[in-house]
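Q: Numbering (the working numbering), first residue to last: 1154 to 1206.
Have a look at this one.
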């Protein structure tokens, strides 16, 4: 079984990850796929973003 865990840095996402880990500790044979979910950048953020390269 695979569990998809969307995370966004919120307390609710952290709670979901902790809950999923608790299920695994209780014997649920599963693997996790974490997906970082963020709001799209607006035009200003996109134009002023710094490219590290």
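Just so you know, even glycine gets a beta-carbon here, dropped at the ideal spot from N, CA and C.
Measuring only the C-alpha atoms, how far is residue 1162 from residue 1204?
A: 22 Å
Q: Under 8 Å, do residue 1183 and residue 1155 count as touching if we go by C-beta distance?
A: yes
Q: Starting from the Cα of residue 1181, find the closest Cα among 1172, 1199 and 1200 and give me that residue.
A: Ranked by Cα distance from residue 1181, the first of 1172, 1199 and 1200 is 1172.
Q: Expressed to the nearest angstrom, what Euclidean distance is found between the alpha-carbon atoms of residue 1202 and residue 1196?
A: 10 Å
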